[in-house]
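Residue numbers (numbering that gives the first Met the number 0), protein chains in the order written: chain P, 0 to 506; chain W, 0 to 352.
Just so it is clear, CB atoms sit at the ideal spot from N, CA and C, and this is done for glycine as well.
The structure presented is a predicted model; accordingly, all values stated were derived computationally and were not measured.
Note sheet for the following structure.
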Amino acid sequence: MSPGAPGAESAPLLELDGVTKSFGAVAALRGVHLALHPGEAHALVGENGAGKSTLVKTLAGAHAPDSGRMTLDGRPLQLRGPADARAAGIAVIYQEPTLFPDLTVAENIFMGRQPLRGLRRIDTRAMNRDAERLFERLGVRIDPARPARGLSIADQQLVEIAKALSFDARVLIMDEPTAALSGVEVERLFAVARSLCERGAAVLFISHRFDEVFDLCQRITVLRDGAWVSSDRTADLTVDEVVRRMVGREVSSLYPKQDAPLRDTLLEVRGLSRAGVFSDVSFSVRGGEIVALAGLVGAGRSEVARAVFGVDRYDTGEVRVAGRVLPPGNPGKAIAAGMALVPEDRRQQGLVMELSVERNATLARRRALSRLGLLLGGAERAEARRWTRRLQVKTARLAAPVATLSGGNQQKVVLAKWLATEPRILIIDEPTRGIDVGTKAEVHRLLSELAGEGLAILMISSELPEVLGMADRVLVMHEGRVVRELPRGEADETSVMYAATGQGATA
Amino acid sequence: MSLTDTGASVQAADNPPPGPGRARRGLTERLLAVRELSLLIALAALILVTTLRNDRFLSGQSIKDLLLGCAILVILAVGQTLVIVTRNVDLSVGSILGLVAFATGELFLAAPGTPWPLALLLGVALGAVCGVVNGGLIAVAKVPALVITLGTLYAFRGVDYYWAAGRQINAADMPRSFLRLGNQTVLGVPVLFLVALIVVAAVGFYLRSYRSGRELYAIGSEPAAARLSGIPVGRRVFAVFVANGALAGLAGVLYAARFGTLDAAAGTGLELQVVAAAVVGGVAIFGGSGSAYGAALGAVLLTTIGSSLAVLRIDPFWQQAVVGALILAAIGLDRLLALRMAARLRGRSAHGA
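Here it is as structure tokens:
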């Protein structure tokens, strides 16, 4: 029962109207509406990349909107920075904790607002006492005088919550605060959120867990591809309806995976676990097959890929390539065994931005191309030319730095780099993130071709149409586990989304 | 509301606030204390060993020389602490010191009647202007401070050389009242050292007890989080470079008063000693932790090593090696303490007690 619910609509406390925000050519928010009423918890749901986090950062004053209006109490609200948002009474709990590891827990909570005594000195004792009170309210015990370094993720999140509470905020924004929390801690958080609502505050709650959304919130706003879809009272909605609106688009036939004859199993992963990240992940990929790892951001998909490739360690389990066990934590061995990983973050993990296209394209093959330990220009150039031509990389010259290329062409160079090693197994993380539609189609055609040549492809993707169009099989991960395996015929948007949000589906 | 209340009362029953509050307080503070204590012990051991070999090392004159010798390095190390804590570094302090020292000499040449307090103020102001140049370039160019101040290290020194044009200024060119500042003692303690003490106390107090002081640690600890929590990162970093420039200016004036003889090379290479003193004193080079007191102790320790090795008649080559070993030892100690603290924090259950 929400105090704001009965009778006439109360005037919104915080209102957004037609807010847009673009990063370069990518429109992250396209005319978003949102009205937060006093005394109400309001849920914001949407797929990965629907624009939720951008919206949060806009409300927090970290991003300035390109256009649109924001009002607080009916008065226009302009946020020039996070400090303005704070002053307006907007507190944010970010998805990833933003703590200062070297400072104490209490300082983290009260940074910039520490209680003072004479000569405007910080009153450390009062600050620790206040922090202790906040933790009592949350029903947890964290030593306020200990440094934040070394706190568990859950405790870090609790410190963030205590920080937001200490503001006595009028608007509390929580961006997936419960991902790291246990059931009891979630209950306490909700109790605090409800007590804030009772005092007339407005709460914006972002979560992929529908049970929590329906438990806490009085209204639900759905975003899709940066655009506002709907805002309704929770009572008028069902989980099915919300999922349908989140997905809500036609599966385009942009992503044709050609049927290829399935060959032997090339990659086999058994019982792979890493404490706190993923557990008991098992799957196999055959030659000629594309297997998609679907799931929400933070479900542990990239972490699994990195562990399989040997960039990260794992606690238990094993990885076999064509039947032979791959030693853990050794990417060199993985490459030698014929595995290639095209990472999610091209700039940081896949490319050396300052080096030329040809250098990047042949980076993973330096040894094979060198004679007596020397890399000779000719060999590099010939190899680079072969692959960039096949992938149709658009660059003025091979000697141009990679940084000068467009996102789509950069992605092709990363692909060229790994394809040049002539792998048998290709792991590709978000193959088409941030690249234009035309290039997307080319990348898809290429992946399909490669599978046709007998490669085993493991594809991680947050774009449902891509997953559904390309994959022979879909593995859905939720909170570090593979919760569902769907063959091509059974995978559709609803079944994948259901499993990804942890709705009752168990494999 | 009812839910929270129950939670709180249950909690309060088995967790009386004052007890844990006091018992658990100050793990971080204790760590700092351990760090500073270990420096004091090293200093005491060094003095003891040297005195055993040569009892004149603890004579009044010798101690006076020591305090006089370390004062300038202490001031610079404390200024550098302000900068390093924010995950920056200022390599131009040696050049600022040289420039200000020469400018002070020039001032007395041009206007011999200038009262020394005015000269002091002007020197500090010139240092601050150099700091403005550093801070401004860093803010505008968005290039790491290491690179910018490496540039201004040469730029300021270049200005100095151009200005000096090979000339040297001698003690005879400066008023006696000013030179006395460099050698006079109050109750046996050199004035220079007293000035350094005041700087240490002021900066130490500021860093520990003021909101903006704590924000400097926050910036160095996690710059992205600092921005998200509304700390004016750019303004604070700018201010820190100005303050450090001003302190280097102060050190430059004191240098002129102490040595009397000035040419364009004054303070060359001093910046590395300054950074070494701060690091030995427990200021983390990646920002976020360390204290002005520690940096000052580091400066005293480095100076004492210099003179004690001389007393022990040890080859100057070894002095360099010892300083190097000390830096490595300091880093090793920091790492050890950090590991031990991490172990202790893990030892506690996630929710304290």
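Could you give the first and the last residue of the continuous alpha helix (DSSP H) run that contains Lys20 (chain P)? For Lys20 (chain P), there is no enclosing alpha helix (DSSP H); the enclosing beta strand (DSSP E) has its first and last residue at 13 to 22.
Since I believe Asn127 (chain P) is in contact with Lys162 (chain P) (beta carbons under 8 Å), could you give me their beta-carbon distance rounded to a whole number of angstroms? Their Cβ separation, rounded to whole angstroms, is 15 Å, which puts Lys162 (chain P) and Asn127 (chain P) out of contact at 8 Å.
Sequence ranges, beta strand (DSSP E) only - wholly within the region 447 to 494 of chain P, length at least 3: As for any beta strand (DSSP E) of minimum length 3 sitting wholly inside the region 447 to 494 of chain P, the runs are 455 to 459, 472 to 477, 480 to 486, ordered along the chain.
Using CA coordinates, which residue listed in P:Leu188, P:Ala499, P:Asp83, P:Leu454 is at the minimum distance from Asp512 (chain P)? Summary: the structure shown does not reach residue 512 (chain P), with chain P confined to residues 0 through 506, and so no result is reported for it.
Does any CB atom of chain P fall closer than 8 Å to the CB of Ala200 (chain W)? Ala200 (chain W) does not count as touching chain P.
Report the three-state DSSP secondary structure of Phe134 (chain P) (helix, strand or coil). It is helical.
Does DSSP put Asp167 (chain P) in a helix, a strand or coil? If DSSP states are grouped into helix, strand and coil, Asp167 (chain P) belongs with coil.
Ranges of the beta strand (DSSP E) found wholly within the region 399 to 445 of chain P, counting only runs of at least 3: If we require 3 residues or more, the beta strand (DSSP E) runs fully inside the region 399 to 445 of chain P come out as 424 to 428.
Going by C-alpha distance, which of P:Leu164, P:Leu98, P:Ile172, P:Gln155 is nearest Leu33 (chain P)? Comparing C-alpha distances from Leu33 (chain P) to each of P:Leu164, P:Leu98, P:Ile172, P:Gln155 shows the shortest one belongs to P:Ile172.
Is it a yes or a no for the region 246 to 264 of chain W touching the region 69 to 79 of chain W, going by three-plus beta-carbon pairs under 8 Å? Result yes; three or more Cβ-Cβ pairs closer than 8 Å.
Let me see if you follow: with CB-CB separation under 8 Å, is Gly199 (chain P) close to chain W or not? Output row for Gly199 (chain P): interface = no.
Using the three-state DSSP reduction, which class does Asp159 (chain W) fall into: helix, strand or coil? In this structure, DSSP gives Asp159 (chain W) a helical state, which the three-state scheme calls helix.
Give me the residue from W:Thr302, W:Ala309, W:Val310 with the minimum Cα distance to Leu325 (chain W). Residue W:Thr302 is the option with its Cα nearest to Leu325 (chain W).
Note down, in chain order, each residue of its chain lying with its Cβ closer than 8 Å to the Cβ of Asp314 (chain P), except the 5 sequence neighbours on either side. Spatial neighbours of Asp314 (chain P) in its own chain (CB-CB distance under 8 Å, excluding positions within 5 residues in sequence) are listed in chain order as Ser272, Arg273, Ala274.
Using only the alpha-carbon positions, how far apart do Ala328 (chain W) and Leu38 (chain W) sit? Separation of Ala328 (chain W) and Leu38 (chain W) (C-alpha to C-alpha, rounded to the nearest whole angstrom) is 11 Å.
Listed in chain order, which residues of the region 224 to 246 of chain W have Cβ atoms closer than 9 Å to some Cβ of chain P? The residues in question are Ala224, Ala225, Arg226, Leu227, Ser228, Gly229, Ile230, Pro231.
Could you tell me whether the Cβ atoms of Asp231 (chain P) and Ser52 (chain P) are closer together than 8 Å? No, these two residues do not count as a Cβ contact at 8 Å.
Suppose only complete runs of 3+ residues qualify. What are the beta strand (DSSP E) ranges in the region 235 to 293 of chain P, listed by chain order? Within the region 235 to 293 of chain P, the complete beta strand (DSSP E) runs of at least 3 residues are 264 to 273, 277 to 285.
Touching or not, the region 12 to 26 of chain P and the region 53 to 72 of chain P, by the rule of three or more beta carbon pairs under 8 Å? Short answer: they touch.
Please list the segments of the alpha helix (DSSP H) lying wholly inside the region 200 to 275 of chain W, counting only runs of 4 or more residues, in order along the chain. Segments of the alpha helix (DSSP H) lying fully in the region 200 to 275 of chain W: 210 to 220, 222 to 227, 232 to 258.
Which partner residues of Leu91 (chain W) appear in the DSSP bridge assignment? The residue you asked about is not Leu; residue 91 (chain W) is Ser in the sequence shown. Paired residue(s): none; Ser91 (chain W) is not in a bridge.
Could you confirm whether any beta carbon from chain W is found closer than 8 Å to the beta carbon of Leu61 (chain P)? According to the sequence displayed, residue 61 (chain P) carries Ala and not Leu. Yes, Ala61 (chain P) counts as interfacial toward chain W.
At the level of alpha carbons, what is the spacing between Phe192 (chain W) and Leu67 (chain W)? Roughly 6 Å between the two C-alpha positions.
With a threshold of 16 other CB atoms inside 10 Å of the CB of Ser301 (chain P), please say whether the residue is buried or exposed. By the 10 Å Cβ count, Ser301 (chain P) comes out buried.
What is the residue span of the beta strand (DSSP E) that Ile284 (chain W) lies within? In this chain, Ile284 (chain W) is not harboured by any beta strand (DSSP E), its DSSP state being neither H nor E.
Check the Cβ of Leu164 (chain P) against every Cβ in chain W and list those closer than 8 Å, keeping chain order. Residues of chain W passing the Cβ test: none, with the nearest at roughly 10 Å.
Length of the line joining the Cα atoms of Pro112 (chain P) and Asp83 (chain P): According to the sequence provided, residue 112 (chain P) is Arg. The question's Pro does not apply to it. Arg112 (chain P) and Asp83 (chain P): Cα-Cα distance of roughly 14 Å.
Residue-level contact to chain P via CB, Ser290 (chain W), 8 Å cutoff: Chain P, which has no Cβ nearer than 8 Å to the Cβ of Ser290 (chain W), makes this no.
If we count the other Cβ atoms within 10 Å of its Cβ and call it buried at 16 or more, is Arg68 (chain P) buried or exposed? It counts as exposed.
Would you verify that the beta carbon of Ile121 (chain P) is, or is not, closer than 8 Å to some beta carbon of chain W? Yes, Ile121 (chain P) lies at the interface with chain W (some Cβ there is under 8 Å from its Cβ).
Selection of the region 285 to 318 of chain W by Cβ proximity to chain P, strictly under 9 Å: The region 285 to 318 of chain W vs chain P, Cβ under 9 Å: Gly286, Gly287, Ser288.
Contact check, Gly248 (chain W) vs Leu125 (chain W), beta carbons under 8 Å: Their beta carbons are under 8 Å apart, which means Gly248 (chain W) touches Leu125 (chain W) by this criterion.
With the cut-off set at 8 Å, would you say Gly130 (chain W) and Asn243 (chain W) are in Cβ contact? In this structure, Asn243 (chain W) lies closer than 8 Å to Gly130 (chain W) by Cβ.
Residues of chain P with CB under 8 Å from Glu35 (chain W), in chain order? Against chain P, a Cβ distance below 8 Å from Glu35 (chain W) picks out nothing, because the smallest value is about 17 Å.
Please report the distance separating the alpha-carbon of Leu152 (chain W) from that of Ser94 (chain W). Cα-Cα distance, rounded: 6 Å.
Simplified DSSP state of Phe308 (chain P), which is helix, strand or coil: Look at Phe308 (chain P) here: in three-state DSSP terms it is helix.
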